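Residue numbers (my numbering): 2 to 92.
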Amino acid sequence: MNADVETKRTVIIRFVRNTVYRALGIVTFIALCITFYLQSSTAYAHGPLTALLTMIGAWVVLFICEYNVFLLKNFSAEIIEHLYRHIESYL
Numbered sequence: 002m003n004a005d006v007e008t009k010r011t012v013i014i015r016f017v018r019n020t021v022y023r024a025l026g027i028v029t030f031i032a033l034c035i036t037f038y039l040q041s042s043t044a045y046a047h048g049p050l051t052a053l054l055t056m057i058g059a060w061v062v063l064f065i066c067e068y069n070v071f072l073l074k075n076f077s078a079e080i081i082e083h084l085y086r087h088i089e090s091y092l
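Take a look at the structure:
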């Protein structure tokens, strides 16, 4: 039983990390493309600052995600079973 819960916990952690990393990568890429477009097409002088703030925001989101994964490692078996039932259809 304990090995089954640990397997489900590992699957949930991988699912959370993959989902957040993909979404964050797409959003960061779009934000940097928009910044590059604005800087090259107009007199937009804040391009480097905007890019830096975008990257800092991405690191903050990654830190929050990893903190949530850390919390997920300490959840009880009942909560893991409940979460696994919810994400099972997405796997």
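Glycine is no exception: its CB is placed at the ideal position from the N, C-alpha and C atoms. Predicted model, so just to flag it, every value in this text is computed and none were measured.
Ala52 and Tyr68 have their C-alpha atoms spaced approximately 24 Å apart. In the three-state scheme derived from DSSP, where H, G and I count as helix and E and B as strand, Thr43 is classed as coil. Within its own chain, the residues whose Cβ lies closer than 6 Å to the Cβ of Ala32, once the five positions on either side in sequence are excluded, are Thr55, listed in chain order.
DSSP places Asn69 in the uninterrupted alpha helix (DSSP H) bounded by Gly48 to Leu73. Annotation for Glu82: the continuous alpha helix (DSSP H) segment containing it runs Ala78 to Ile88.
Leu25 carries a helical assignment under DSSP once its states are collapsed to helix, strand and coil. When secondary structure is reduced to three states using DSSP, Leu33 falls in the helix class. The beta-carbon separation of Gly48 and Thr36, rounded to 5 Å, stays under the 8 Å limit for a contact.
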